[in-house]
Amino acid sequence: MAKVFVYGTLKKGQPNHFLMKDHANGQAEFVAHARTVDPYPLVIATEYNIPFLLNVPGTGQRVHGEIYSVDQKMLEFLDEFKECPKLYQRTLIRLELEDGPGGGKHTPDAGSSIEAYVYTTDTYEREWLEKTTYESYNSNGDHGLPYVQH
Ligand code: PCA
Numbered sequence: 401m402a403k404v405f406v407y408g409t410l411k412k413g414q415p416n417h418f419l420m421k422d423h424a425n426g427q428a429e430f431v432a433h434a435r436t437v438d439p440y441p442l443v444i445a446t447e448y449n450i451p452f453l454l455n456v457p458g459t460g461q462r463v464h465g466e467i468y469s470v471d472q473k474m475l476e477f478l479d480e481f482k483e484c485p486k487l488y489q490r491t492l493i494r495l496e497l498e499d500g501p502g503g504g505k506h507t508p509d510a511g512s513s514i515e516a517y518v519y520t521t522d523t524y525e526r527e528w529l530e531k532t533t534y535e536s537y538n539s540n541g542d543h544g545l546p547y548v549q550h
């Protein structure tokens, strides 16, 4: 099982979360909420209002998201869905754990730090570095840039 940190449309309540719940794509189990140890620019770009974590650590904000434990099938599905490595590249990132589902003995401790895969991008346009950055993505946030399914 691999750990994947999602920060965009794959989070609960966001437009592509259903893809992680579809067992035809593999298995994904929620582990915990987390935020990046380093700041990164999380921007919304393209005509489809797609969220991207630009691979520029040290600028932007510490970004909130969700960690999932996924099987090989789901990892391959996500790579394909994220057009990895063309549009996004799957990299490792250091995260600070927030709350987990609670209860179980495998629940990680809040405040501890772990590494997980994340889909960041190096293939951004220069203007994206000037865009507004977000701490926590919400397609229906007051930025008025809802994700467009395509
Ligand atoms: N989905 C991925 C990356 C950006 C996006 O739209 C995610 O939620 O992490």
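Going by our numbering, 408 is the number at position 8 of the sequence shown; the sequence numbering is gapless.
Don't be surprised by glycine CBs; every beta carbon is placed ideally from N, CA and C.
Note that the structure is predicted; figures quoted are calculated from it, not measured.
Give me the Cα-Cα distance between residue i and residue j, rounded to the nearest whole angstrom.
| i | j | result |
| --- | --- | --- |
| G503 | D509 | Residue confidence is low: G503 scores 49 on pLDDT, short of 50, so the model does not pin down where it sits. No coordinate-derived value is stated. |
| A424 | F418 | 11 Å |
| V491 | Q427 | It should be noted that the sequence gives Thr, not Val, for residue 491. T491 and Q427: Cα-Cα distance of roughly 20 Å. |
| M420 | D479 | 12 Å |
| Y537 | H464 | 8 Å |
| W528 | E483 | 19 Å |
If distances are taken between C-alpha atoms only, which option among the options comes closest to residue i?
| i | options | result |
| --- | --- | --- |
| N540 | G460, D499, I450, V518 | I450 |
| E530 | Q549, L419, L454, D499 | L454 |
| L495 | M401, T436, A402 | T436 |
| V443 | V431, V404, T521 | T521 |
| L410 | E466, I493, Q489, T533 | E466 |
| K403 | H543, E525, K473, Y534 | K473 |
Under the three-state reduction of DSSP, which class applies to residue i: helix, strand or coil?
| i | result |
| --- | --- |
| G458 | coil |
| L487 | coil |
| H543 | coil |
| H550 | coil |
Mind pulling the alpha helix (DSSP H) runs of 4 or more residues that sit fully within the segment 416 to 480? 417 to 421
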